[in-house]
Each structure stands twice: as structure tokens, then as C-alpha cells.
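Residue numbers (the numbering used here): 1254 to 1517. Each residue gets a CB set at the ideal place from its N, CA and C atoms; glycine is no exception. Let me begin by presenting the structure, written as C-alpha cells, before commenting on it.
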């Protein structure tokens, strides 16, 4: 497995985290907090990602759900977190295991494979009114004003009421049981010569700008991936600073991308 990566900003300043172990790539997107939480999302995602990486390094063929469950449990204990009042993060894992490839998705980061996209869209499926409202206001040109910020806080308050429960959505937070509810696919390795993993801050803008030639992206080196993210960031700054063309919660979401070439 050959992996190249890029992040904007760099990993130490970002809520997005990428970890690479010998047979797997792990991408996390710590959720931006618009309401008070006891620990920054970046701290949570970093601790969780390191634990997942160690788990897969020590046990390369372990059940991904169990690895993530154990990691959430360890992070929750270390950071003294409580369900419903904690930071959260997406977790996306691509792992090569002999002649098979496993894809694990908890939250709305994406894994793009030749056959299509693997992601977890349950949070968007909640169809909550504050999400509609803030996107409509941005598209109408109202920008990032106080009403926008109020809507984001209300949206997160409503999301917490649906978090990690049946009929809602599942995410890495302070309930280890969430790992059992991840989207998990296993496909023949022969069907996955390449893959691209990305957080929504990168994926959404790339798709909007037509930078989504994924087979080409998958063969990019680190510098080429970084240039793509810089292009996305420049477009947000110069062409769509108030998110009229592409409504989004913040002018710049953190961006992370990993390009993977799998070896037979």
C-alpha cells in the first residue's frame, strides 16, 4: 500500500487528522464546535486517531469495529468525557487485508473507490431545519453574520439530541457503542487498485470545482495533493468568500486528503 497525503492547515493546527500504518489509512475529521465543549475537537481526534493507529499496528487483522470501540473507550477515559457533552469526530479507515479491502465509515468523510463512494450520511439524513436555514441564507448572500452563528449553535444542539441513538446518527464521541453502528464494506482487493480518502472540507470543494478526477488524484504525490487543497482554499477566499455558490458552515473548513495505491 502506497499512500500520499496533504492537509490544510497542517496536522498540528487542524481538526482533521491522517494516520498511516503498514496496511491501513485512517482519516478523522473533528467536528467544529459552535457550542461549548470541554476539550477541543483537535485534541479528541488526535488522541482517538493515535489509539486506532496503535490498535491496527499491533493487530493488523482485528475487527475494525472492535479497534475503534476500544479507541473511543480509551480516549473517553483519558479525557474524562461524557456522552452528549463532548467533542466528536468522523472516522474513516481503508485497510488492505490479504486479498480483501475493508472500508469503515463513521460520519461523513468519504472513501472514494473505483466502484463509488463509501460514506455515512446519517447526520445529513436528519434533515434538521437549522441546516436548511443557514444554507438558504448563505445562498441568498447574507454571509457569516450573527444569525448564521446562532443557527449553527442551534443545529448542533439539535444534532446532539439525535447523536448515537437508534433513528439518529452515529459518530465517534464518548459512547464506544457507536463503533458497532459504522458503515462497513469488504471488497476484493483486485477491485480496488486505488482509493482516495478525504474529509468533507476537501471533498465538497473538489467536487464543486471539478477537481474530482479520482483515478488521477489517487496517483498524485504529496506536493500535487497540497496544490489541490491550496486551489480549493484560494477559490473559497477569492471566488466565494461568503459561501453563496457553495453554502458551507465556515469560509474555510479544514481539509485533508489521502491518495492510496494498493499493491496486489
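| task | Run through the stretch 1425 to 1492 for me and flag every whole beta strand (DSSP E) of 3 or more residues, listed as ranges in chain order. | result | 1436 to 1441 and 1447 to 1451
| request: State whether the stretch 1328 to 1339 contacts the stretch 1300 to 1311, with contact taken as three or more CB pairs (one from each stretch) at a distance under 8 angstroms. | output: yes
| query | Is the beta carbon of residue 1391 less than 9 angstroms from the beta carbon of residue 1287? | reply | Within the chain shown, residue 1391 is the residue found at index 138, counting from 1. Within the chain shown, residue 1287 is the residue found at index 34, counting from 1. For residue 1391 and residue 1287, no; Cβs fall outside 9 angstroms.
| request: Apply the 10 Å Cβ neighbour rule to residue 1352 and answer buried if 16 or more other Cβ atoms are within range, or exposed otherwise. | output: On the chain shown, position 99 is the one that residue 1352 refers to. Looking at its Cβ environment, which holds fewer than 16 other Cβ atoms inside 10 Å, residue 1352 is exposed.
| field | Beta-carbon proximity list for residue 1474, same chain, < 6 angstroms, skipping 5 on both sides | value | The residue you call residue 1474 lines up with position 221 of the chain shown. 1257, listed in sequence order.
| According to the neighbour-count rule (16 or more other Cβ atoms, all chains shown, within 10 Å of its Cβ), is residue 1199 buried or exposed? | No answer is possible for residue 1199: it lies beyond the span of the chain, which begins at 1254 and ends at 1517.
| task | State the Cα-Cα distance for the pair residue 1269 and residue 1502, rounded to the nearest angstrom. | result | Residue mapping note: residue 1269 aligns to position 16 of the chain shown, counting from 1. Residue mapping note: residue 1502 aligns to position 249 of the chain shown, counting from 1. Rounded to the nearest angstrom, the two C-alpha atoms are 16 angstroms apart.
| Measuring CB to CB, does residue 1367 end up less than 9 angstroms from residue 1444? | On the chain shown, position 114 is the one that residue 1367 refers to. On the chain shown, position 191 is the one that residue 1444 refers to. Yes, the pair counts as a contact, with Cβ atoms nearer than the cut-off.
| Tell me which same chain residues have a C-beta within less than 6 angstroms of the C-beta of residue 1322, skipping the five on either side of it? | As a working note, residue 1322 is residue 69 in the chain shown. Contacts found: 1429 and 1432.
| task | Consult DSSP for residue 1418 and reduce its assignment to one of helix, strand or coil. | result | Position 165 of the chain shown holds residue 1418. The answer is coil: DSSP assigns residue 1418 none of H, G, I, E or B.
| query | Can you tell me where the alpha helix (DSSP H) with residue 1281 in it begins and where it stops? | reply | Position 28 of the chain shown, counted from the start, is the residue given in the question as residue 1281. Residue 1281 -> not in any alpha helix (DSSP H); beta strand (DSSP E) instead, spanning 1277 to 1283.
| Continuous alpha helix (DSSP H) stretch holding residue 1337: start and end | Your numbering for residue 1337 matches position 84 in the chain shown. That residue, residue 1337, is in no alpha helix (DSSP H); it is neither H nor E in DSSP.
| task | Give the straight-line distance between the Cα atoms of residue 1289 and residue 1485, rounded to the nearest whole angstrom. | result | Within the chain shown, the letter at position 36 stands for residue 1289. Within the chain shown, the letter at position 232 stands for residue 1485. Residue 1289 and residue 1485: Cα-Cα distance of roughly 29 angstroms.
| Straight-line Cα distance separating residue 1400 from residue 1349 | Taking the first residue of the chain shown as position 1, residue 1349 is located at position 96. Taking the first residue of the chain shown as position 1, residue 1400 is located at position 147. Distance between the alpha carbons of residue 1349 and residue 1400 is about 46 angstroms.
| Roughly how many angstroms separate the alpha carbons of residue 1422 and residue 1435, rounded to a whole number? | Position 169 of the chain shown, counted from the first residue, corresponds to residue 1422. Position 182 of the chain shown, counted from the first residue, corresponds to residue 1435. Their backbone Cα atoms lie some 10 angstroms apart in a straight line.
| said: Distance check for residue 1314 and residue 1247, CA to CA, integer angstroms please. | reply: In the structure as shown, the chain begins at 1254 and stops at 1517. Residue 1247 is therefore absent and cannot be evaluated.
| field | With 16 other Cβ atoms within 10 Å as the buried cut-off, status of residue 1469 | value | As a first step, residue 1469 is located in the chain shown; it is residue number 216 there, counting from the start. The residue is exposed, with fewer than 16 neighbouring Cβ atoms inside 10 Å.
| task | Return the chain-ordered list of same chain residues with a C-beta closer than 6 angstroms to the C-beta of residue 1510, the five sequence neighbours on each side being excluded. | result | Translated into the one-based positions of the chain shown, residue 1510 becomes position 257. Only 1259, 1451, 1455 and 1478 meet the Cβ criterion.
| query | Which whole runs of the alpha helix (DSSP H) in the stretch 1281 to 1336 are 4 residues long or more, in chain order? | reply | 1294 to 1311 and 1317 to 1332
| Three-way DSSP call (helix, strand, coil) for residue 1269 in this model | Within the chain shown, the letter at position 16 stands for residue 1269. Residue 1269 falls in the strand class under three-state DSSP.
| message | Is the separation between the beta-carbon of residue 1281 and that of residue 1343 shorter than 9 angstroms? | response | The sequence position of residue 1281 within the chain shown is 28, counting from 1. The sequence position of residue 1343 within the chain shown is 90, counting from 1. Taking 9 angstroms as the Cβ cut-off, residue 1281 and residue 1343 qualify as a contacting pair.
| What's the call for residue 1255, buried or exposed, on a 16-neighbour Cβ count within 10 Å? | For this step, residue 1255 is matched to residue 2 along the chain shown. By the 10 Å Cβ count, residue 1255 comes out exposed.
| message | Could you check whether residue 1279 and residue 1345 sit closer than 9 angstroms to each other, using their CB atoms as the reference points? | response | What you label residue 1345 is simply residue 92 of the chain shown in a count that begins at 1. What you label residue 1279 is simply residue 26 of the chain shown in a count that begins at 1. The answer is yes: Cβ separation under 9 angstroms.
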